[in-house]
Amino acid sequence: MRSIIITGGAGFIGSHVVRLFVNKYPDYRIINLDKLTYAGNLANLKDIEDRENYTFVKGDICDFELVMDLMKKYEVNGIIHLAAESHVDRSIKDPFTFARTNVMGTLTLLQAAKLYWESLPEK
Ligand SMILES: NC(=O)c1ccc[n+]([C@@H]2O[C@H](COP(=O)([O-])OP(=O)(O)OC[C@H]3O[C@@H](n4cnc5c(N)ncnc54)[C@H](O)[C@@H]3O)[C@@H](O)[C@H]2O)c1
């Protein structure tokens, strides 16, 4: 079984990607990691929330420990990264949150993926 983390899966693009993967790949475990900011809405995923191959985790992509724990727990094979502060107006009003999620969050995922991969005996 492959395990894929999809970040921002409660958002506009992410919810469609999560639904596509959950339906199309029943033998994949899909882990939706989303902080549920103003932009996230789990109602987008009502139709697949009880599927056996779907797991929702409320959390922040900047939380290195959490990302690392998920990678180990589910033996993650891949990350599709769609969590973001995506609204341009908000990037002007609140640039620090924007930079934190979009820059540090992305770096957190990359670093966790690298360290997890390096820890695998069969790499
Ligand atoms: N919407 C578009 O037309 C479009 C087009 C091209 C590219 N994109 C890109 O696709 C990505 C997603 O866009 P969208 O329109 O779905 O955005 P969105 O704002 O609808 O969704 C973003 C999701 O990320 C989550 N999120 C925000 N910060 C988080 C954090 N720190 N940790 C975990 N989750 C967090 C939110 O809760 C939300 O569910 C962005 O990178 C965007 O630039 C979007």
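Residue numbers (this note's numbering): 846 to 968. Glycine is no exception: its CB is placed at the ideal position from the N, C-alpha and C atoms.
Apply the 10 Å Cβ neighbour rule to residue i and answer buried if 16 or more other Cβ atoms are within range, or exposed otherwise.
i	result
alanine 957	buried
serine 964	exposed
aspartate 892	exposed
aspartate 978	What the structure shows of the chain is the stretch from 846 to 968, and residue 978 is not part of that stretch, so it cannot be assessed.
alanine 888	exposed
isoleucine 937	exposed
leucine 952	exposed
In whole angstroms, give me the CA-to-CA distance for residue i and residue j.
i	j	result
tryptophan 962	leucine 911	16 Å
tyrosine 870	arginine 935	35 Å
phenylalanine 992	valine 902	Because the chain in this structure spans residues 846 to 968, residue 992 falls outside the shown range and cannot be described.
isoleucine 924	serine 860	15 Å
If I'm right that residue i touches residue j with Cβ under 8 Å, what's the distance once you round it to whole angstroms?
i	j	result
arginine 847	asparagine 922	5 Å
glycine 856	alanine 884	5 Å
In chain order, what residues of the same chain have a beta carbon less than 6 Å from the beta carbon of residue i, not counting five sequence neighbours either side?
i	result
phenylalanine 866	Ile875
Closer than 7 Å by C-beta to residue i: which residues in its own chain qualify, once you throw out the five before and the five after it? Chain order, please.
i	result
alanine 929	Gly853, Thr946, Asn947
glycine 950	Ile906, Cys907, Ala928
tyrosine 919	Ser848, Arg874, Ile876
Of all the options the options, which has the alpha carbon lying nearest to the alpha carbon of residue i?
i	options	result
phenylalanine 943	Ser931, Leu954, Leu952, Asn886	Ser931
threonine 900	Leu954, Ile850, Ile858, Asp939	Ile850
lysine 959	Val933, Pro940, Lys917	Lys917
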